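To keep things clear, I will list the structure first and then write my remarks on it.
Residue numbers (the numbering used here): 1 to 148.
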């Protein structure tokens, strides 16, 4: 088993998921008093549970888990755009931006699951974590469609 590849794939997911946690925490702070505060707080908590599970697996594989977000790339841009929209209180735009971030996160998990070099055990963990990511994505998507 190539544990180095496992650790690398898992740490990439951890870093991206930590970006999501930080973004949702910041969004919850910025949305204080809006109807989205509890949604963003809950999504940050859900993502924290995913991060914790992935970090545990990295440790089991003998690696050192990521413990900080990258705050770079698409995830960061999504949440910076979200912050601007929270100021203007454009609810539909806020949810569109959150869904865009969720699409990005979902694509990272899908790419990881497509890695043919991952053993079945590691893929199973990623799939289990992806279920939470997909649930959050679908929740935001449903909210978006209810606003249309």
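No residue lacks a Cβ here, since even glycine has one placed at the ideal position from N, Cα and C.
Bear in mind that the values here come from a model prediction, so they are computed numbers and not experimental data.
- Burial of residue 61 is indicated by the presence of at least 16 other C-beta atoms within 10 angstroms of its C-beta.
- DSSP places residue 64 in the coil class of the three-state scheme, outside both helix and strand.
- In this structure residue 120 is exposed. Its beta-carbon is surrounded by fewer than 16 other beta-carbon atoms within 10 angstroms.
- Counting the other Cβ atoms within 10 Å of the Cβ of residue 56 gives fewer than 16, which makes it exposed.
- Closest by C-alpha distance to residue 4, out of 49, 65, 21, 48, is 65.
- DSSP places residue 124 in the uninterrupted alpha helix (DSSP H) bounded by 120-147.
- Residue 98 sits away from residue 17, with the two beta carbons spaced by 9 Å or more.
- Here the stretch 127-144 makes contact with the stretch 98-107; the two share three or more CB pairs at distances below 8 Å.
- Residue environment analysis places residue 47 among the buried positions, since at least 16 neighbouring C-beta atoms fall within 10 angstroms of its C-beta.
- The Cβ atoms of residue 50 and residue 118 lie no closer than 9 Å to each other.
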